[in-house]
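J.:
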Amino acid sequence: MSTAAPALVCTDVHKSFGKLEVLKGIDLSVDEHEVICLIGASGSGKSTLLRCINLLEPINSGSIQVAGEEITASGVDVNQVRRGIGIVFQAFNLFPHMSVMGNVTLAPRKVIGLSRSQAEAEALELLDRFGLADKRNEYPDRLSGGQQQRVAIVRALATHPQLMLLDEVTSALDPELVAEVLNVIRELAEGGMTMLIATHEMGFARDIARRVCFLDEGVLLEQGPPEQIFSSPREERTQQFLQRIIEAGRM
Amino acid sequence: MNGANGSDRARRGSLLQISSVWVAVASTVVVFAALALIIVNAPGWPKVKHAFFDPAEFRAYFGTIGHAFVLNIKIFLVAEVLILTLAMVLAVLRSLPGPVFLPIRLLAIGYTDLFRGIPTILLVLLFGFGIPTLQLSHVTRDPVYLGAAALVVIYTAYVSEVYRAGIDSVHPSQEAAARSLGLTRGQTMQTVILPQAVRRVIPPLLNDFIGLQKDTALISVLGPVEALQRANLGSASEFNYTPYVVAAFFFVLITVPQARLTDWLIARDRKRQMAGGRV
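As given, the protein sequences belong to chains A and B, one line each in that order. For any residue, its number in our numbering is found by taking its place in the first sequence, counting from 1, and adding 13. For any residue, its number in our numbering is found by taking its place in the second sequence, counting from 1, and adding 314.
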């Protein structure tokens with residue numbers, strides 16, 4: 014029995030790129046400490062939804078609330094909003110000209126205003142927690158894909174976000190590197206981090222998600238606990254999608 | 315067996331290496347010797363040698379032209395700092411997004427179009443002779459300053475385009491990553507985009523700087539005694555072109571170390587950022 018507002022509420026979110034409508038009225042509510050997996054074919058709108066929540070893409074209509082505040086209202090300080098929402102991208106997007114330490118301390122120093130020594134002390138603690146302390150002086154291109162993605166997660170955590178958005182964070186990794194990244198996400202989930210995860214890793218989704226949402230052509234077609242979605246999906250499109258995944262040997 | 319084979323192969327490999335070095339040396343010597351022979355045996359060579367490569371003239375003018383060259387160095391050092399700064403401002407202005415900044419973008423585009431198009435010597439003349447004729451108070455009439463100002467105006471247009479190419483070459487996902495962390499547009503530009511952009515355009519930047527260094531000689535048309543003007547005077551009094559060769563020698567002398575320094579900087583950066591090496 015909690016009176017706190019949900020961590021995230023999307024209400025009738027529409028988004029178009031030119032004539033192409035990518036999100037066709039998404040309604041989604043995420044409670045605090047809840048882990049939700051977004052599944053669906055490529056182009057179904059998963060990434061776009063995450064980018065809209067982070068305000069990297071302006072929405073055409075509808076509204077998005079984070080912790081009870083409407084972030085899509087005009088006059089909202091987008092930098093302040095983004096500070097509270099961490100996003101991790103499929104392609105890592107680390108800054109190649111900065112060391113691991115530079116990547117992780119950039120936002121704490123520039124956005125929060127910590128001193129270099131304070132920011133580095135905090136960063137070291139985070140890096141240590143994810144087994145990356147010995148890589149702090151390396152440059153991104155000299156790390157494995159798994160290490161790079163873990164650094165990207167640490168970088169997103171450095172501003173102490175209340176909500177993490179993960180956009181297919183294992184899709185660009187070699188299969189043997191996927192586990193180390195999933196373990197990090199698992200640890201975050203156990204720590205109570207609220208997360209919205211777009212993923213193609215169905216086993217992982219079944220394992221970690223409290224709720225699985227199936228997106229199909231910009232519509233949130235079906236959602237429910239993983240057992241229900243994966244074993245007895247109601248919608249025909251969901252059944253077809255899962256059938257294709259099984260045929261591809263991905264589940 | 316294997317070991318013996320391996321060392322055999324290694325020996326053959328190093329023999330190959332040594333012989334390829336000799337081939338390189340031999341072909342270089344043959345080519346340059348042939349060129350030298352052709353030039354030296356040309357019918358007019360004694361005249362050319364006397365007019366352009368007179369050792370006595372070379373020695374006589376080395377000191378005075380070297381002294382005058384200090385003015386060229388001063389001009390381009392100051393101009394380079396101004397150009398680097400102004401061109402950066404221009405490039406950033408031109409990459410401002412959104413309809414609000416359209417007038418600023420248009421001004422920036424107009425500036426580059428105009429000043430990249432004007433022949434440098436025309437602008438040097440226009441500034442050097444035009445501005446004093448306006449008889450404005452508080453505006454310098456010193457031809458060195460006016461000529462340098464013309465160079466700054468022209469090269470700012472060139473260098474801003476180089477910067478802009480660098481900015482455009484940084485993938486938009488870098489901006490997205492920085493903005494997603496809560497950095498403002500300005501902070502993103504300053505800490506994420508520009509550092510990567512500038513690293514990528516160092517070779518073409520150096521290109522423009524060598525161009526600038528040579529173009530400091532254009533200021534001679536306004537009268538100041540820099541290296542080329544000094545060579546002009548020397549050549550006129552001696553009826554000999556060797557002073558020009560002396561001036562050219564100084565220009566080449568300063569560009570070569572800069573080129574090597576840039577190569578070294580780029581190699582060091584690459585080594586540090588890329589896999590497979592430790593600094």
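C-beta atoms are modelled at their ideal positions from N, C-alpha and C, and glycine is treated no differently.
(1) Find out if the Cβ-Cβ distance for the pair A:G1, A:L36 is shorter than 8 Å.
(2) Short of 6 Å in beta carbon distance, which residues of its chain neighbour A:N106, apart from the five on each side in sequence? Order them along the chain.
(3) With distance defined between alpha-carbon atoms, name the residue in B:Y469, B:R544, B:P417, B:V515 nearest to B:V392.
(4) So what does B:L542 bridge to, in DSSP terms?
(5) Under a Cβ-count criterion, where at least 16 other Cβ atoms within 10 Å of its own Cβ denotes burial, should B:T426 be classed as buried or exposed?
(6) Taking Cβ to Cβ, would you say B:A382 is nearer than 8 Å to B:E540?
(7) Are the C-beta atoms of B:L351 and some chain A residue less than 8 Å apart?
(8) For the beta strand (DSSP E) holding A:G56, just list the boundary residues, first then last.
(9) Identify the residues that DSSP records as bridge partners of A:T207: which are they?
(10) Between the alpha carbons of A:H173 and A:F143, how many angstroms are there, rounded?
(11) Below 8 Å, how does it come out for the region 156-169 of chain A and the region 182-199 of chain A: are there three or more Cβ pairs, yes or no?
(12) Does B:S328 pass the burial test, meaning 16 or more other C-beta atoms within 10 Å, or should it be called exposed?
(13) Where A:C226 and A:P239 are concerned, what is the direct C-alpha to C-alpha distance, given to the nearest angstrom?
(14) Do the region 418-425 of chain B and the region 570-589 of chain B make contact, defined as three or more Cβ pairs closer than 8 Å?
(15) Does the beta-carbon of B:R592 have 16 or more other beta-carbons within 10 angstroms, so that it is buried, or is it exposed?
(16) With A:S60 and A:A211 assumed to form a contact (beta carbons below 8 Å), what rounded beta-carbon distance in angstroms separates them?
(17) Of all the residues that make up the region 493-509 of chain B, which are near chain A by a beta-carbon distance shorter than 8 Å?
(18) Between A:K28 and chain B, is there a C-beta pair that is closer than 8 Å?
(19) Could I get the ranges of all uninterrupted beta strand (DSSP E) runs contained in the region 21-90 of chain A, with 3 residues as the minimum, in chain order?
(20) Would you call B:F346 buried or exposed, if buried means 16 or more other Cβ atoms sit within 10 Å of its Cβ?
(21) Taking Cβ positions, are A:G205 and A:H27 nearer each other than 8 Å?
(22) Distance, Cα to Cα, B:Y472 vs B:K388?
(23) How would you label A:D40, buried or exposed, when you count the other beta carbons within 10 angstroms and need 16 or more for buried?
(24) What are the boundary residues of the beta strand (DSSP E) that includes A:V232?
T.: Taking the coordinates as given:
(1) Within the shown structure, residues of chain A are numbered from 14 to 264, placing residue 1 of chain A beyond reach of any answer.
(2) The residue you call residue 106 of chain A lines up with position 93 of the first sequence. Residues of the same chain with their beta carbon placed closer than 6 Å to that of A:N106 are lacking, with the five preceding and five following residues left out of the count.
(3) Within the second sequence, residue 392 of chain B is the residue found at index 78, counting from 1. Comparing Cα positions, the closest option is B:Y469.
(4) The residue given as residue 542 of chain B occupies position 228 in the second sequence. The partner list for B:L542 (beta bridge, DSSP) is empty, contrary to what the question assumes.
(5) For the purposes of this step, residue 426 of chain B is taken as the residue at position 112 of the second sequence. Buried is the call here.
(6) Counting from one through the second sequence, the residue named residue 382 of chain B turns up at place 68. Counting from one through the second sequence, the residue named residue 540 of chain B turns up at place 226. Yes, Cβ-Cβ distance for B:A382 and B:E540 is below 8 Å.
(7) Here the question's residue 351 of chain B lines up with position 37 in the second sequence. Nearest CB-CB separation between B:L351 and chain A: not below the 8 Å threshold.
(8) In the first sequence, counting from the first residue as 1, residue 56 of chain A sits at position 43. DSSP places A:G56 outside any beta strand (DSSP E), giving it a letter other than H or E.
(9) The residue given as residue 207 of chain A occupies position 194 in the first sequence. As a beta-bridge residue in DSSP terms, A:T207 pairs with A:L176.
(10) Counting from one through the first sequence, the residue named residue 173 of chain A turns up at place 160. Counting from one through the first sequence, the residue named residue 143 of chain A turns up at place 130. A straight-line Cα-Cα distance of about 15 Å links A:H173 and A:F143.
(11) Counting Cβ pairs under 8 Å, three or more are found: they touch.
(12) Locating residue 328 of chain B in the second sequence gives position 14, where the first residue counts as 1. So B:S328 ends up on the exposed side.
(13) Locating residue 226 of chain A in the first sequence gives position 213, where the first residue counts as 1. Locating residue 239 of chain A in the first sequence gives position 226, where the first residue counts as 1. Going from the Cα of A:C226 to the Cα of A:P239 covers about 9 Å.
(14) No: the two stretches stay apart, fewer than three of their Cβ pairs being nearer than 8 Å.
(15) Here residue 592 of chain B refers to the residue found at position 278 when the second sequence is read from its first residue. Residue placement at B:R592 cannot be trusted, given a pLDDT of 46 that sits under 50; the coordinates are not used to answer.
(16) Counting from 1 along the first sequence, the entry for residue 60 of chain A is found at position 47. Counting from 1 along the first sequence, the entry for residue 211 of chain A is found at position 198. The pair is a contact, with the Cβ atoms about 6 Å apart (cut-off 8 Å).
(17) When CB distances to chain A are screened at a threshold of 8 Å, the residues of the region 493-509 of chain B falling below it are R493, S494, L495, G496, L497, T498, Q501, T505, V506, P509, in chain order.
(18) Taking the first residue of the first sequence as position 1, residue 28 of chain A is located at position 15. Under the Cβ criterion of 8 Å, A:K28 is not counted among the residues facing chain B.
(19) For the region 21-90 of chain A, whole beta strand (DSSP E) runs of length 3 or above, ordered along the chain, are 21-30, 33-43, 48-52, 74-79.
(20) Locating residue 346 of chain B in the second sequence gives position 32, where the first residue counts as 1. By the 16-neighbour rule on beta-carbons within 10 angstroms, B:F346 is exposed.
(21) The residue given as residue 205 of chain A occupies position 192 in the first sequence. The residue given as residue 27 of chain A occupies position 14 in the first sequence. Taking 8 Å as the Cβ cut-off, A:G205 and A:H27 do not qualify as a contacting pair.
(22) Taking the second sequence and counting its residues from 1, one reaches residue 472 of chain B at position 158. Taking the second sequence and counting its residues from 1, one reaches residue 388 of chain B at position 74. Straight-line measurement puts the Cα of B:K388 at about 21 Å from the Cα of B:Y472.
(23) Translated into the one-based positions of the first sequence, residue 40 of chain A becomes position 27. Per the 10 Å Cβ criterion, exposed.
(24) For the purposes of this step, residue 232 of chain A is identified with residue 219 of the first sequence, where counting begins at 1. That run of the beta strand (DSSP E) goes 232-237.
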